[in-house]
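Letter by letter, the sequence shown follows residues 1 to 248 in full-length UniProt numbering.
What follows is a single structure, written as structure tokens, with notes after it.
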Amino acid sequence: MVQLAIRNVSRTLQDNNGQPLEILKDINFQASSGEFISIIGPSGCGKTTLLRLISGLDTPEKGDVTVDGNKVTAPNVSRGYVFQHGSLFPWETIEENISSGLKALNGRNYDKELVQHYIELMGLKGFESSYPHQVSGGMAQRAALARSIVMKPKLLLLDEPMGALDAFTRADVQEVIHQVWQQTKTTMVLVTHDIDEAIYLSTRIIIMTPRPGEIKEIVTNPLDFPRNRTSTEFMDLRKIIQDKLNFY
1 MVQLAIRNVS
11 RTLQDNNGQP
21 LEILKDINFQ
31 ASSGEFISII
41 GPSGCGKTTL
51 LRLISGLDTP
61 EKGDVTVDGN
71 KVTAPNVSRG
81 YVFQHGSLFP
91 WETIEENISS
101 GLKALNGRNY
111 DKELVQHYIE
121 LMGLKGFESS
131 YPHQVSGGMA
141 QRAALARSIV
151 MKPKLLLLDE
161 PMGALDAFTR
171 ADVQEVIHQV
181 WQQTKTTMVL
191 VTHDIDEAIY
201 LSTRIIIMTP
211 RPGEIKEIVT
221 NPLDFPRNRT
231 STEFMDLRKI
241 IQDKLNFY
């Protein structure tokens, strides 16, 4: 079942001199329920802009974005968003951050057991009362992920959430995201610069051109789970995608 549809979407912004700057051009793709889509391409090609259009934080001049057949015109709790730096509330504890959306919707009657489930799933047990500045970057990103997924979104948008992490922490958060995806069957769209990350997590990989961003190709990932980053098949697919990113 098609859950997300992007049809003929273009977006133009203004540069520092007030001149029009075409960011995205004629974007078309669909995502079925439960897919994991990665969007990869050079800096400035409009990856984050596309994610903002899907979320409803921005609107296109041309074309439309629909989720479950409904046109996206504004943000909605059915579409979660995880930013590169997590954007946790510094004045709230890890548990308070994770439960903040639920409390905003349901007041004191929010599902405390669900919050505890994701605290444990994210490996944050024992850090519930810690503040964001008291935990590692990886823990903060896991908390940000939990804060979004606890709302049970139909679509989770991930804007380079591992981009600022070291290699070991990055791999750890990737495993958590993969586990959440498999458990919840939530449709996920990830923006990344990392080819290995895209291959490891995704069912399909969208390759973007330099600005103005267009879809150069959509690659279906044939690798079965669990995936081995050092396997011949993984490395072969990496080379195929690297070759398609011939503007690097």
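Beta carbons are placed, not taken as given, at the ideal position from N, Cα and C, and that holds for glycine.
All values reported here derive from a predicted model rather than from experimental measurement.
The DSSP-derived three-state label of Y110 is coil. Residues A146 and V150 of the same chain have their beta carbon placed closer than 6 Å to that of Y118, with the five preceding and five following residues left out of the count. In this structure, the alpha-carbon of T209 lies about 6 Å from that of I215. Each residue's CA atom was taken as its position, placing L13 and P132 some 34 Å apart. Cβ neighbours of D159 within its own chain (closer than 6 Å, five residues either side excluded): T48, L51, F83, Q84 and V191. Contact between I94 and V115 is absent: CB atoms are separated by about 10 Å, not below the 8 Å threshold. With respect to the C-alpha of P222, the residue from P20, Q3, N8 and F36 having the closest C-alpha is F36. One alpha carbon belongs to L121, the other to H193, and they sit about 26 Å apart. Taking 8 Å as the upper bound for CB-CB distance, I218 and I241 are not in contact here, some 11 Å apart.
Around the beta carbon of E175, fewer than 16 other beta carbons lie within 10 angstroms, which makes this residue exposed. Pairing I27 with I6 gives a Cβ-Cβ distance under 8 Å. Under the three-state reduction of DSSP output, G213 falls in the strand class.
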